[in-house]
Amino acid sequence: MTISSQHKQVSTGYKILITGGRAPVALELARLLKQSGHRVFVAESAAYHLCRVSAAVEQSFQVPPPRQQPEAYLQELERLILQFQMDILIPTCEEIFYIARGLERLGSHCRVLCSERAMLRRLHHKGDFIAWAKELGLAVPETVLVTEREEWRRLLEDDVRIKRTVVLKPAYSRFAAQAIVPRKTGRVQHTNPVQVQDRYRKVYPEVSSASPWVAQQYIQGTAICTYSVVHEGTVVAHAAYGSVYRTGNVGASVHFESLEHPRVLEWVRRFAGGIGFSGQIGFDFIEDRQGMLYPIECNPRATSGIHLFAPADGLERALLDPEQLVRSGGVIRPQSGRKVMLTLPMLACGLRRNRNLGAWKAWGKALREAEDAVCRKEDRRPFAEQLRVVYAAFRTSRQKKISITEALTDDIEWNGES
Numbered sequence: 022m023t024i025s026s027q028h029k030q031v032s033t034g035y036k037i038l039i040t041g042g043r044a045p046v047a048l049e050l051a052r053l054l055k056q057s058g059h060r061v062f063v064a065e066s067a068a069y070h071l072c073r074v075s076a077a078v079e080q081s082f083q084v085p086p087p088r089q090q091p092e093a094y095l096q097e098l099e100r101l102i103l104q105f106q107m108d109i110l111i112p113t114c115e116e117i118f119y120i121a122r123g124l125e126r127l128g129s130h131c132r133v134l135c136s137e138r139a140m141l142r143r144l145h146h147k148g149d150f151i152a153w154a155k156e157l158g159l160a161v162p163e164t165v166l167v168t169e170r171e172e173w174r175r176l177l178e179d180d181v182r183i184k185r186t187v188v189l190k191p192a193y194s195r196f197a198a199q200a201i202v203p204r205k206t207g208r209v210q211h212t213n214p215v216q217v218q219d220r221y222r223k224v225y226p227e228v229s230s231a232s233p234w235v236a237q238q239y240i241q242g243t244a245i246c247t248y249s250v251v252h253e254g255t256v257v258a259h260a261a262y263g264s265v266y267r268t269g270n271v272g273a274s275v276h277f278e279s280l281e282h283p284r285v286l287e288w289v290r291r292f293a294g295g296i297g298f299s300g301q302i303g304f305d306f307i308e309d310r311q312g313m314l315y316p317i318e319c320n321p322r323a324t325s326g327i328h329l330f331a332p333a334d335g336l337e338r339a340l341l342d343p344e345q346l347v348r349s350g351g352v353i354r355p356q357s358g359r360k361v362m363l364t365l366p367m368l369a370c371g372l373r374r375n376r377n378l379g380a381w382k383a384w385g386k387a388l389r390e391a392e393d394a395v396c397r398k399e400d401r402r403p404f405a406e407q408l409r410v411v412y413a414a415f416r417t418s419r420q421k422k423i424s425i426t427e428a429l430t431d432d433i434e435w436n437g438e439s
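Mind the numbering: the sequence shown is residues 22 to 439 in my numbering, read in order.
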């Protein structure tokens, strides 16, 4: 995190520039900061995004797409920071990797909530992250990097032969995009070498050193996700939440329930302290039947756990004045048991998945008890904006022949490019 001594101490009334305004987490952050007395601005490359119409945002700016025009993106951010005399820049999505590329440059003008790019890259890479956790003495699932087509073919054939259960996924990916996971029976997707070879040829011919995949030991258990704010290795805010309802079988969570899980917090403290991280970070874990925690992947950016914080919790203190919390030893946490959801995907999730009365009742109960993360009585317009966002993604998906999920991040995602 860039914290230059020339920047004034954090107080109310700061001008804060948020990037990634399409994401619900950015909307949540904007609302929390606005309610704590700050002026919020948003820079986003998408024409339609949730923060564009939010009452919490003073002004929204459309900027060049960071993935396609990284230098123009940085130039525009720098211009906005200087023109409006922004005090703090807070990235929320994968545009953080492009911001990290210009961290020294942007950090000379304002405080930037971002770690160095080399660290972000290692955390984002699903194989390197696991290797890093292992170096720190933490238990990890067996994870193998696959960089050649022959390795891919041999690995899948071995899985069939020894009946090993693995998850296959791109080393750089998000929302479990393209992941191949075991069926609920515990058996792998492929049942014989012919099917393996056919699947390999048709779906994943691009496996290479430039587009690596990982094969990760499949662990049965309970999924737990986290969101934390860390300052120079010290956790100053933390939320853990269950992950029951998702987009697809293994996609992004759409229903979040705050959990008290001391061992998860201790794990995050140990890892973040071990690498000296600063910024927002999230982890996905599996807790097996014996209570052992296994990290699955890391998201070195804002994650959905931010929705669990209410204005009274004071999350802005962790983001804007972490030094005070480090000195006091405090950790900002949401109220245990708080439930929040993304209503539209939650509806789709329930209608698609529930095939028995018990599951239907459980989904209905979860739906009734959770607060919507997007629509608030004092800020309703972002709810309708969701439809514009999805329609724009649909058009992009048709034009580029990619999924809607991929289209939602097509102009901001980072896959290890230099």
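Glycine included, every Cβ here is placed at the ideal spot set by N, Cα and C.
Option in the options with minimal Cα separation from residue i
{"i": "H146", "options": "W234, T113, A68", "result": "W234"}
{"i": "P85", "options": "A76, E99, A236", "result": "E99"}
{"i": "L363", "options": "L336, S264, G303", "result": "S264"}
{"i": "G371", "options": "A387, S81, I37", "result": "A387"}
{"i": "L157", "options": "R290, R170, G303, Q199", "result": "R290"}
{"i": "V352", "options": "H259, A67, W173, R88", "result": "H259"}
{"i": "L368", "options": "Y266, Y248, C131", "result": "Y266"}
{"i": "E171", "options": "I302, E227, T164, L127", "result": "E227"}
{"i": "L95", "options": "E308, Q83, R122", "result": "R122"}
{"i": "S249", "options": "P321, G295, L378, A236", "result": "P321"}
{"i": "L340", "options": "H130, C135, R126", "result": "C135"}
{"i": "A139", "options": "H130, C131, W153, S129", "result": "W153"}
{"i": "V347", "options": "K155, V251, L141, F82", "result": "V251"}
{"i": "V188", "options": "Q241, C396, L141", "result": "Q241"}
{"i": "F82", "options": "R338, E97, Q420", "result": "E97"}
{"i": "A236", "options": "A261, Y262, T268, A200", "result": "A200"}
{"i": "A261", "options": "Q311, Q420, L378, G303", "result": "G303"}
{"i": "R52", "options": "F415, L429, V410, C396", "result": "C396"}
{"i": "R373", "options": "E178, A67, T268", "result": "T268"}
{"i": "H59", "options": "I37, L50, A67", "result": "I37"}
{"i": "R460", "options": "K421, E390, L429", "result": "The requested residue 460 is not part of the displayed model; the chain covers only 22 to 439."}
{"i": "E169", "options": "P87, K155, P191", "result": "P191"}
{"i": "I296", "options": "K155, L50, Q420, V411", "result": "K155"}
{"i": "H276", "options": "G385, S229, E337, G312", "result": "G385"}
Proximity of residue i and residue j at Cβ, strictly below 8 Å
{"i": "G326", "j": "C246", "result": "yes"}
{"i": "E79", "j": "R43", "result": "no"}
{"i": "Y69", "j": "A413", "result": "yes"}
{"i": "V61", "j": "E406", "result": "no"}
{"i": "A394", "j": "V361", "result": "yes"}
{"i": "E344", "j": "S299", "result": "no"}
{"i": "L54", "j": "C72", "result": "no"}
{"i": "A231", "j": "V256", "result": "no"}
{"i": "C319", "j": "L176", "result": "no"}
{"i": "I425", "j": "D431", "result": "no"}
{"i": "I151", "j": "V167", "result": "no"}
{"i": "P91", "j": "G41", "result": "no"}
{"i": "V324", "j": "V46", "result": "Note that residue 324 is Thr in the sequence shown here, rather than Val. Yes, these two residues count as a Cβ contact at 8 Å."}
{"i": "T20", "j": "I317", "result": "The requested residue 20 is not part of the displayed model; the chain covers only 22 to 439."}
{"i": "S57", "j": "P332", "result": "yes"}
{"i": "G358", "j": "E278", "result": "yes"}
{"i": "D334", "j": "P366", "result": "no"}
{"i": "V133", "j": "L127", "result": "yes"}
{"i": "Y193", "j": "N377", "result": "no"}
Residues sharing a beta bridge with residue i, DSSP
{"i": "H252", "result": "T255"}
{"i": "L314", "result": "E308"}
{"i": "C350", "result": "With the sequence shown as reference, residue 350 is identified as Gly, and Cys is not the correct amino acid for it. None, per the DSSP bridge assignment."}
{"i": "I109", "result": "I37, R132"}
{"i": "M362", "result": "H276, D393"}
{"i": "N320", "result": "G303"}
{"i": "R267", "result": "S274"}
{"i": "T417", "result": "Looking at the DSSP assignment, T417 forms no beta bridge with any residue, so it has no partner."}
{"i": "D400", "result": "R397"}
{"i": "R60", "result": "K36"}
{"i": "C246", "result": "Y262, D305"}
{"i": "A236", "result": "V165, L189"}
{"i": "S81", "result": "V63"}
{"i": "I201", "result": "L189"}
Inter-residue CB distance, residue i and residue j (contact presumed, cutoff 8 Å)
{"i": "V63", "j": "I102", "result": "Not confirmed; about 13 Å, so no contact."}
{"i": "L124", "j": "E116", "result": "No, L124 and E116 are not in contact; Cβ-Cβ is about 13 Å, not under 8 Å."}
{"i": "W288", "j": "L314", "result": "6 Å"}
{"i": "E392", "j": "R195", "result": "Incorrect: roughly 25 Å between the Cβ atoms, too far for contact."}
{"i": "T164", "j": "Y239", "result": "Contact doesn't hold; Cβ gap of about 11 Å is too wide."}
{"i": "A77", "j": "D400", "result": "6 Å"}
Check whether the segment 282 to 289 and the segment 97 to 113 touch, using three or more Cβ-Cβ pairs below 8 Å as the test. no
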